[in-house]
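Reviewing the structure listed below.
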Amino acid sequence: MQFNRQADGTMEPLPKPSVDTGMGLERIAAVLQHVNSNYDIDLFRTLIEAVAKVTGATDLGNKSLRVIADHIRSCAFPGCRWRAAVE
């Protein structure tokens with residue numbers, strides 16, 4: 029990323045140009061926490077353990093627990109329209 033597009037369409041150079049890897053915070057966390065899956069990072073581990081406790085599930089590798097944890101996490105990110113993330 030090198031420029032910031034202004035409201036009038038002109039391009040202003042950024043003070044610190046950078047490269048957007050597109051990795052996302054969860055993938056960066058997986059690398060930094062030395063795990064192979066986003067679902068093994070501390071954020072998801074906590075959610076998965078909480079869901080397992082509520083449901084009584086004992087297999088923390090169960091795909092259903094990951095799906096529920098992912099849906100819970102997605103509620104924290106609003107869409108561009110009101111309630112879009114939970115419609």
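This note's numbering numbers the first residue of the sequence shown as 29 and each following residue consecutively. Even glycine gets a Cβ: it sits at the ideal position worked out from N, Cα and C. Being a predicted model, the structure only gives us computed values, none of them experimental.
With a 10 Å radius around the Cβ and a threshold of 16 neighbouring Cβ atoms, residue 69 comes out buried. Between the alpha carbons of residue 105 and residue 87 lies a distance of about 28 Å. Nearest neighbour of residue 43 by Cα position, chosen from 32, 66 and 96, turns out to be 32.
By the beta-carbon neighbour count (other beta carbons within 10 angstroms, threshold 16), residue 56 is exposed.
If you look at residue 105, you'll find it isn't in any beta strand (DSSP E); DSSP assigns it neither H nor E.
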